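2 protein chains.
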Amino acid sequence: MDNSLTVKASIEQIVERITDAVMEHRLPPGSKLAEDKLASAFNVSRTKIRQAFILLANEGLITLHANRGAFVTSPTTEQTRDIFKTRRLIEPEIIREVTAKATAQDLARLRKHLKEESKARHADDRRKVIRLSGEFHLLLAELGGNQVINKIMMELCPLTCLIIALYDGPKITACPEDEHSQIVDAIENKDPATAIKLMKRHLSHIEDELNLDAYQKREIHWEAIYS
Amino acid sequence: MDNSLTVKASIEQIVERITDAVMEHRLPPGSKLAEDKLASAFNVSRTKIRQAFILLANEGLITLHANRGAFVTSPTTEQTRDIFKTRRLIEPEIIREVTAKATAQDLARLRKHLKEESKARHADDRRKVIRLSGEFHLLLAELGGNQVINKIMMELCPLTCLIIALYDGPKITACPEDEHSQIVDAIENKDPATAIKLMKRHLSHIEDELNLDAYQKREIHWEAIYS
DNA sequence: AACACAATAATTGTATACAATATTATTAAC
DNA sequence: GTTAATAATATTGTATACAATTATTGTGTT
Chain A
297 MDNSLTVKAS IEQIVERITD AVMEHRLPPG SKLAEDKLAS AFNVSRTKIR QAFILLANEG
357 LITLHANRGA FVTSPTTEQT RDIFKTRRLI EPEIIREVTA KATAQDLARL RKHLKEESKA
417 RHADDRRKVI RLSGEFHLLL AELGGNQVIN KIMMELCPLT CLIIALYDGP KITACPEDEH
477 SQIVDAIENK DPATAIKLMK RHLSHIEDEL NLDAYQKREI HWEAIYS
Chain B
297 MDNSLTVKAS IEQIVERITD AVMEHRLPPG SKLAEDKLAS AFNVSRTKIR QAFILLANEG
357 LITLHANRGA FVTSPTTEQT RDIFKTRRLI EPEIIREVTA KATAQDLARL RKHLKEESKA
417 RHADDRRKVI RLSGEFHLLL AELGGNQVIN KIMMELCPLT CLIIALYDGP KITACPEDEH
477 SQIVDAIENK DPATAIKLMK RHLSHIEDEL NLDAYQKREI HWEAIYS
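Read top to bottom, the protein sequences are chains A and B. Sequential numbering from 297 applies to the first sequence in the numbering used here. Sequential numbering from 297 applies to the second sequence in the numbering used here.
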């Protein structure tokens, strides 16, 4: 199953595996990513790990500190605000496109994804639920057909997962199931206005449920230790 | 002035210099970027050049062919359509933000930029005109204050310059001067509706003036030579 | 002269060696 | 016992060496 030790990984694969780990909250914000460790884990040289780091840092998923290494990013409240604002701007356009051009096959893919989400939810696999929730939005972006917008979403979704890891309580699972399925319903009914309204509301729900001073509390806690 | 041979360049500097060269059409689409040549030009090892390539490829400005190297991208008509669609989606939001929050200092920066554009135009410095035209939109994005949107624009503007290099005739200079200044006027008048309308029209003007089958013609020309 | 094939050169892909910097451990002073 | 300074260790940053691949040149055949 896990061929990371025997087969050499490409840069894209390394980026994907690290992205998945961040999306599933296996790598929490602030985690140090040591080049040597990853190099042996993926059975490649540090050169490739560094190349992967450059891409991950460009996406904002990790932050590079000069001479100190790579750390999983801890998005600020400002970044959070900007990300959700951008998603509320872009995703309605995705919905518009998908509603206009979705084939029966596309809808089947969406339905299949909803089922997987539901299964993970009932199995109480929180990590999988968070990742699949993000991937629902990515699937919509893919079906939308605009490659530029798709690429933007491929960056914003993992960042959103990171934010949920930071600011969400351990109990709340992001993206309530019915909201996703309602959006698909509206798309199937060729009702873009409703679908867009639901999507905007959905994104606002996620943002509103974030505990945006959780991180600052931690920061204060840090300083309190040294005082 | 040119310290590329004496001082070692950072990855960001290398990326910026290559981006500028592409934006000013000094590196036309299809150009081969040899690692060795650039390494000695920037007085660094190939390692750094490759790292810069990874970023440039991620932005879509260059395309990496396995074992064959890096080439300045030749955007397809589909990519062109997607890029302009995305810009028409994002830039109105930028205008909204800028109109709402622009300070006197911000407006002064915009006016100063318009002057520079005008100067380059009257000096018939076509390369500078194209680069400054793109940078006008980047300045707006910066003033908008949304870092995520700003980063998106930092990728879309150089790509747009590339497209103009490919599909624009040699005579037409992109972004007529008055369109930019009219947008700034509307911003100054706190009239977002007009500013957005002008921006959308402006983007459509640029797209409409592109000769979107120019590239295909070239391809046919190539084959014609060998027949 | 045109084409196919082989040898050579050039270029890219990857790992590793070395230098620079940061982190940790140790020792000494207070 | 705590702090400061210093030595040892570990980690990152960069260049280079070598392997793999592609491009080019040269040679022989038809």
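Cβ atoms here follow ideal geometry from the backbone N, Cα and C, with glycine treated the same way. Quantities reported herein were computed from a predicted structural model and do not represent experimental measurements.
Item                                                                                                                                                                          : Value
For A/Glu368 and A/Gly326, I'd like the C-alpha separation in whole angstroms.                                                                                                : Note that residue 368 of chain A is Val in the sequence shown, not Glu. Rounded to the nearest angstrom, the two C-alpha atoms are 5 angstroms apart.
The beta strand (DSSP E) that contains A/Ala335, what's its start and end?                                                                                                    : A/Ala335 -> not in any beta strand (DSSP E); alpha helix (DSSP H) instead, spanning Glu331 to Phe338.
From the DSSP output, read off the bridge partner residues of A/Phe367.                                                                                                       : A/Lys328 and A/Thr359
Tell me, please, whether the stretch 381-398 of chain A touches the stretch 428-444 of chain A by the rule of three or more beta-carbon pairs shorter than 8 angstroms.       : yes
Report yes if the CB atom of A/Gly365 is closer than 8 angstroms to the CB atom of A/Lys328, and no otherwise.                                                                : yes
Roughly how many whole angstroms lie between the Cα atoms of B/Cys453 and A/Met450?                                                                                           : 20 angstroms
Is A/Thr315 helix, strand or coil by DSSP?                                                                                                                                    : helix
Answer yes or no: do B/Arg377 and B/Leu499 have a C-beta to C-beta separation smaller than 8 angstroms?                                                                       : no
Apart from the five residues on each side of it in sequence, which residues of its chain come closer than 8 angstroms, Cβ to Cβ, to A/Thr490?                                 : Ala482
Could you check what DSSP says for B/Thr395 in three-state terms: helix, strand or coil?                                                                                      : helix
Helix, strand or coil for B/Pro472, going by three-state DSSP, please let me know.                                                                                            : coil
From B/Lys486 to B/His361, what does the alpha carbon distance come to, in whole angstroms?                                                                                   : 48 angstroms
So the candidates are A/Ser336, A/Glu374 and A/Leu436; which of them puts its Cα closest to the Cα of A/Lys408?                                                               : A/Leu436
Taking the alpha helix (DSSP H) that B/Lys493 falls in, what are its first and last residues?                                                                                 : Pro488 to Asp504
Since A/Thr382 meets chain B, which of its residues come closer than 7 angstroms, beta carbon to beta carbon?                                                                 : Asn442, Val444 and Ile445
Given this structure, state the Cα-to-Cα distance separating B/Glu320 from B/Arg313, to the nearest angstrom.                                                                 : 11 angstroms
Using a Cβ-Cβ cut-off of less than 8 angstroms, give me the residues of the stretch 360-382 of chain B that come near chain A, in sequence order.                             : Glu374, Gln375, Asp378, Ile379, Lys381 and Thr382
Shorter than 8 angstroms from the beta carbon of A/Leu458 to some beta carbon of chain B?                                                                                     : no
Under the rule that 16 or more other beta-carbon atoms within 10 Å means buried, what is A/Pro371, buried or exposed?                                                         : buried
Give the interface partners of B/Ile314 over in chain A, defined as CB-CB distance under 9 angstroms, in chain order.                                                         : None at all; the shortest Cβ gap to chain A is about 15 angstroms.
For B/Leu506, I'd like the list of residues in its chain whose CB is within less than 8 angstroms of its CB, leaving aside the five on either flank, ordered along the chain. : Thr376, Ile459, Ile460, Tyr463 and Asp464
Could you pull the start and end residues of the alpha helix (DSSP H) that B/Ser414 belongs to?                                                                               : Ala400 to His418
Tell me the rounded alpha-carbon separation between B/Glu308 and A/Gln478.                                                                                                    : 44 angstroms
Is it the case that the Cβ atoms of B/Ile358 and B/Leu455 are separated by a distance below 8 angstroms?                                                                      : no
Taking A/Ile350 as the query, report the chain B residues whose CB atoms sit under 7 angstroms from its CB, ordered along the chain.                                          : Gln347, Ile350 and Leu351
On a CA-only basis, which of B/Ile448, B/Lys344 and B/Val311 is nearest B/Asp332? Give me that one, please.                                                                   : B/Lys344
Taking the C-alpha atoms as reference points, what is the distance between A/Phe349 and B/Glu484?                                                                             : 42 angstroms
Taking the alpha helix (DSSP H) that A/Arg427 falls in, what are its first and last residues?                                                                                 : Arg422 to Gly440
Check this for me: beta carbons of B/His433 and B/Glu475, under 8 angstroms apart or not?                                                                                     : no
Excluding the 5 residues flanking A/Ile310 on each side, which residues of the same chain have their C-beta closer than 6 angstroms to its C-beta?                            : Phe338 and Ala348
Could you tell me the alpha carbon to alpha carbon distance between A/Ala305 and A/Ile448, rounded to whole angstroms?                                                        : 25 angstroms
Can you tell me the Cα-Cα spacing of A/Ser341 and B/Glu503, whole angstroms?                                                                                                  : 45 angstroms
Residues of chain A with CB under 7 angstroms from B/Ile448, in chain order?                                                                                                  : Ile448
Just reading off the alpha helix (DSSP H) that B/Leu458 is part of, what are its end residues?                                                                                : Gln443 to Tyr463
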